[in-house]
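Remarks on the structure that follows.
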Amino acid sequence: ENTSFVIPWIIGFITFMALEAVAMVYSNILRDHVNRQFDVLCKAEVAFFISRTVINVVAMGGVMRYCNLLRAGITWKGPEVIEL
61 ENTSFVIPWI
71 IGFITFMALE
81 AVAMVYSNIL
91 RDHVNRQFDV
101 LCKAEVAFFI
111 SRTVINVVAM
121 GGVMRYCNLL
131 RAGITWKGPE
141 VIEL
């Protein structure tokens, strides 16, 4: 139950989501320039990206909630055995 890698994971997660968004927009602009219109593939790609972004945001919220619970002192470890 170590939270030392949670913040770098979240920063990397957000960074790669932004990088994926830039790459998707760039590929759709190139496809639009070649085809002179947005095709069905472009719309499907945008819909898929938006759905993945929503799922990623929910996942990050869950990880942040878990991290905050760990920092508050909640643990899921079993009770310690005390020998007398």
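Each position in the sequence shown, counted from 1, maps to that position plus 60 in this note's numbering. Using N, Cα and C, we set each Cβ at its ideal position, and we do this for glycine too. All values derive from a computational prediction rather than experimental measurement.
Checklist entry - What residue from Ala-78, Tyr-126, Pro-139 and Glu-143 has the CA that sits closest to Asn-62's CA? => result Tyr-126
Checklist entry - Going straight from the alpha carbon of Asp-92 to that of Val-66, what length do you get? => result 39 angstroms
Item to check | Meets three-Cβ-pair contact criterion under 8 angstroms: the stretch 100–120 and the stretch 74–85 | outcome: yes
Item to check | alpha helix (DSSP H) segment containing Asn-88, residue limits | outcome: 66–95
Item to check | Bounding residues of the alpha helix (DSSP H) (the contiguous stretch that carries Glu-140) | outcome: Looking at the DSSP string, Glu-140 is not in any alpha helix (DSSP H), and its letter there is neither H nor E.
Item to check | Asn-62 in three-state terms, based on DSSP | outcome: coil
Next on the checklist: Distance check for Cys-102 and Tyr-86, CA to CA, integer angstroms please.
Outcome noted: 11 angstroms
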